[in-house]
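In the UniProt record's numbering, the protein residues as written are 1 to 295. Structure first, commentary second.
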């Protein structure tokens, strides 16, 4: 069985741990077949091949445990999403591992598949948050209401966006560790207003309005010490015509909505370079979720 699991943008502006956007590219590809032993092989970006340390195999093993099934498997991972990029790299691999094994066993229960994938995500980031795994599975724009029981609302949106990927890393564990347990009520209210208005704009297909609603008061302000370049890059994007710009997940990747996406991407790359950080940009679109096929 082969699964192609796409990158994602978690949080998507004001939707911390709730909103997620599936991207069409890049993707991780996970191939799995039954075996007498458990083995993992990796191509592409460097991630562990130890089955107890690789998030894809951790998720697959978690599914077997939940099903009380005893079997081995050989897994090949073609790692196309850079780890610690802010593009849901661990989430895509975790989902791919769980989904590939589920398909191999004829399991269609999405809640069980996500539950298994969360074990891989937890191993990678220190917490079982689903705002990368869910959009990678469902596609489109997702609103995660609950993991148990699984309740997901999906918007079938269609637009292009520019992603800028700097040559730095931000650890998701560290980025979550700096967040406070409590935030001012005024900030919570502002985020609630932004999130509600953003859903309305996306349903209307008004991407310009959606771009202007990407601010966040719950996570990004507290992560500024980890991303000191954020404000300057954001300013460069807005000055080049972006409707709005924000951090992808916990970063370092940033994304922007706008019309002249190439010009916006170049301006953001230049801003990173002015900070002494190399970067690259690419233009992608909203994706349709994980794809499964026989090898």
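Even for Gly, the Cβ is constructed at its ideal location relative to N, Cα and C.
- Determine the extent of the beta strand (DSSP E) in which residue 122 is found, giving its start and end residues. Residue 122: not part of any beta strand (DSSP E); member of the alpha helix (DSSP H) spanning 110–125, first to last residue.
- Message: Which residues does DSSP list as the beta-bridge partners of residue 281?
- Response: 164.
- For residue 52, which three-state DSSP category applies? In the structure shown, the three-state DSSP call for residue 52 is coil.
- Locate the alpha helix (DSSP H) running through residue 254, then write down its first and last residues. Segment 254–257 is the beta strand (DSSP E) holding residue 254; no alpha helix (DSSP H) there.
- Task: May I have the straight-line CA-CA distance separating residue 272 from residue 237, to the nearest angstrom?
- Result: Each residue's Cα considered, the two are about 11 Å apart.
- Please classify residue 149: does DSSP put it in a helix, a strand, or coil? Reduced to three states, the DSSP call for residue 149 is coil.
- For residue 34, which three-state DSSP category applies? In the structure shown, residue 34 sits in a strand (DSSP, three-state: E or B).
- Query: Skipping 5 residues on each side, what residues in its chain have a beta carbon closer than 6 Å to that of residue 132?
  - Reply: The residues are 8, 10, 88, 91.
- Message: Give me the DSSP bridge partner(s) of residue 247.
- Response: Residue 247 pairs with 254.
- Query: Over what stretch of residues does the alpha helix (DSSP H) that includes residue 97 continue unbroken?
  - Reply: It spans 89–105 - the alpha helix (DSSP H) in which residue 97 sits, taken as one unbroken run.
- Candidates 161, 180, 223: which alpha carbon is nearest residue 262's? Nearest neighbour of residue 262 by Cα position, chosen from 161, 180, 223, turns out to be 161.
- Query: In chain order, which continuous runs of the alpha helix (DSSP H) of length 4 or greater are located wholly inside the region 179–213?
  - Reply: Entirely contained in the region 179–213, the alpha helix (DSSP H) runs reaching 4 residues are, in chain order, 185–204, 207–211.
- Item | Three CB pairs or more closer than 8 Å across the region 29–42 and the region 64–75 | Because the criterion of three Cβ pairs below 8 Å is met, the region 29–42 and the region 64–75 touch.
- Range of the contiguous beta strand (DSSP E) that encloses residue 73: Segment 72–79, the beta strand (DSSP E) holding residue 73.
- Message: Helix, strand or coil, according to DSSP, for residue 23 in the structure here?
- Response: The three-state secondary structure of residue 23, taken from DSSP, is strand.
- Message: On the criterion of 16 or more Cβ atoms from any shown chain inside 10 Å, does residue 338 qualify as buried, or is it exposed?
- Response: Residue numbering for the chain in the displayed model covers 1 to 295; residue 338 lies beyond these limits and cannot be assessed.
- State the DSSP-derived secondary structure class of residue 45, mapped to helix, strand or coil. DSSP, read as helix, strand or coil, puts residue 45 in coil.
- Query: Taking all protein chains shown into account, do 16 or more other C-beta atoms lie within 10 angstroms of the C-beta of residue 245, making it buried, or fewer, making it exposed?
  - Reply: That one is buried.
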